[in-house]
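Here numbering that gives the first Met the number 0 is used: the sequence shown runs in plain steps of one and ends on residue 102. To keep things clear, I will list the structure first and then write my remarks on it.
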Amino acid sequence: MRDDEGFEIDRAYDLLPHVVGASWATIWFRMNRIRRPSQEEFRRKVAEYFKILDPLITLYPQNENFKEMIIHIKNRHQEEMDRILGGKNQEIEKRFKRYIEYG
């Protein structure tokens with residue numbers, strides 16, 4: 000697979016963790032009136048909502064034309080999950096801090 004073939008997927012995975020995961024997690028904490036979750040709790044909740052996107056991994060046809068793309072998507076999805084849970088996604092960490100400071 001050429002680098003440019005994965006470009007759109009990579010850009011989506013740059014945004015999905017904080018646009019979907021952190022946004023939904025923040026709303027969940029806010030609606031449950033949990034003002035000060037731990038970083039670990041926040042990351043786990045983000046990962047929980049990010050995991051809802053798992054069906055996107057198998058969206059493309061399971062044939063030779065999509066084989067490399069599907070592998071790329073699976074790898075990228077797992078990398079993002081690991082980054083979220085490991086505290087290595089700076090956007091998630093920024094949103095945690097913002098939630099703690101401003102609610």
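Think of the CB as a built atom: it goes at the ideal place given N, C-alpha and C, for glycine as much as any other residue.
Asked: Residue range of the unbroken alpha helix (DSSP H) whose run includes A21; Found: It is not in any alpha helix (DSSP H) - A21 carries neither H nor E in the DSSP assignment.
Asked: Beta-carbon gap between E90 and H17 smaller than 8 angstroms; Found: yes
Asked: Beta-carbon gap between Y59 and W23 smaller than 8 angstroms; Found: no
Asked: Residue burial classification, M30 (beta-carbon count within 10 angstroms, cutoff 16); Found: exposed
Asked: Burial state of F28 (16 or more Cβ within 10 Å); Found: buried
Asked: Within 8 angstroms, strictly: CB atoms of G85 and A46; Found: no
Asked: Beta-carbon separation (whole angstroms), Y98 vs T25, contact threshold 8 angstroms; Found: 5 angstroms
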